[in-house]
Amino acid sequence: MFKLSVNCPFCGEEITHDWSEYIVDQEKCSGEVESTIECDEFECPKCHEMFNVFGSVYEAPKGTYSYHELTAEHIQE
Ligand SMILES: [Zn+2]
Numbered sequence: 000m001f002k003l004s005v006n007c008p009f010c011g012e013e014i015t016h017d018w019s020e021y022i023v024d025q026e027k028c029s030g031e032v033e034s035t036i037e038c039d040e041f042e043c044p045k046c047h048e049m050f051n052v053f054g055s056v057y058e059a060p061k062g063t064y065s066y067h068e069l070t071a072e073h074i075q076e
């Protein structure tokens with residue numbers, strides 16, 4: 000359920016990936032589970048530029064995908 004798509008900030012390619020390996024924090028709030036995703040370096044399979052992906056994935060209840068707020072951005076120096 001963490002297999003979600005983001006768009007490459009360089010070429011716009013839609014990248015579907017299982018982001019569960021980048022979960023850094025998980026918080027439960029009134030039946031909803033928020034998983035915080037932080038990926039510092041992800042390489043676009045199409046243009047091979049590096050970018051970061053961060054945001055949250057929500058499950059309500061746990062185990063059921065609700066929605067996500069993932070953002071892909073250029074890496075800030
Ligand atoms: Zn790209």
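Read in numbering that gives the first Met the number 0, the sequence shown has 50 at position 51, and its numbers run on one by one without any break.
Every residue, glycine too, gets a C-beta built ideally from N, C-alpha and C.
This one's a predicted model, so the numbers in the text were calculated from it and none came from an experiment.
Exercise. Alpha carbon to alpha carbon, how far is GLY30 from THR70? Give it in angstroms, no decimals.
Key: Position 71 of the sequence shown holds residue 70. Position 31 of the sequence shown holds residue 30. Near 24 Å, if we compare the C-alpha coordinates of GLY30 and THR70.
Practice problem: Compute the beta-carbon to beta-carbon distance between VAL32 and GLU58, rounded to the nearest angstrom, for a pair I have assumed lies under 8 Å. | Solution: Start at 1 with the first residue of the sequence shown, and residue 32 comes out as number 33. Start at 1 with the first residue of the sequence shown, and residue 58 comes out as number 59. That pair is a contact at about 4 Å.
Quiz item: When every heavy atom of ligand 1 is checked, does at least one fall within less than 6 Å of the C-beta of GLU58?
Solution: Taking the first residue of the sequence shown as 1, we reach residue 58 at position 59. Checking the Cβ of GLU58 against ligand 1 gives no.
Practice problem: Note down the Cα distance separating SER34 from VAL52, rounded to an integer number of angstroms. | Solution: By one-based count along the sequence shown, residue 34 stands at place 35. By one-based count along the sequence shown, residue 52 stands at place 53. Separation of SER34 and VAL52 (C-alpha to C-alpha, rounded to the nearest whole angstrom) is 13 Å.
Self-check item: Spatial distance of PHE50 from GLU12 (CA atoms)
Solution: Taking the sequence shown and counting its residues from 1, one reaches residue 50 at position 51. Taking the sequence shown and counting its residues from 1, one reaches residue 12 at position 13. Cα-Cα distance, rounded: 12 Å.
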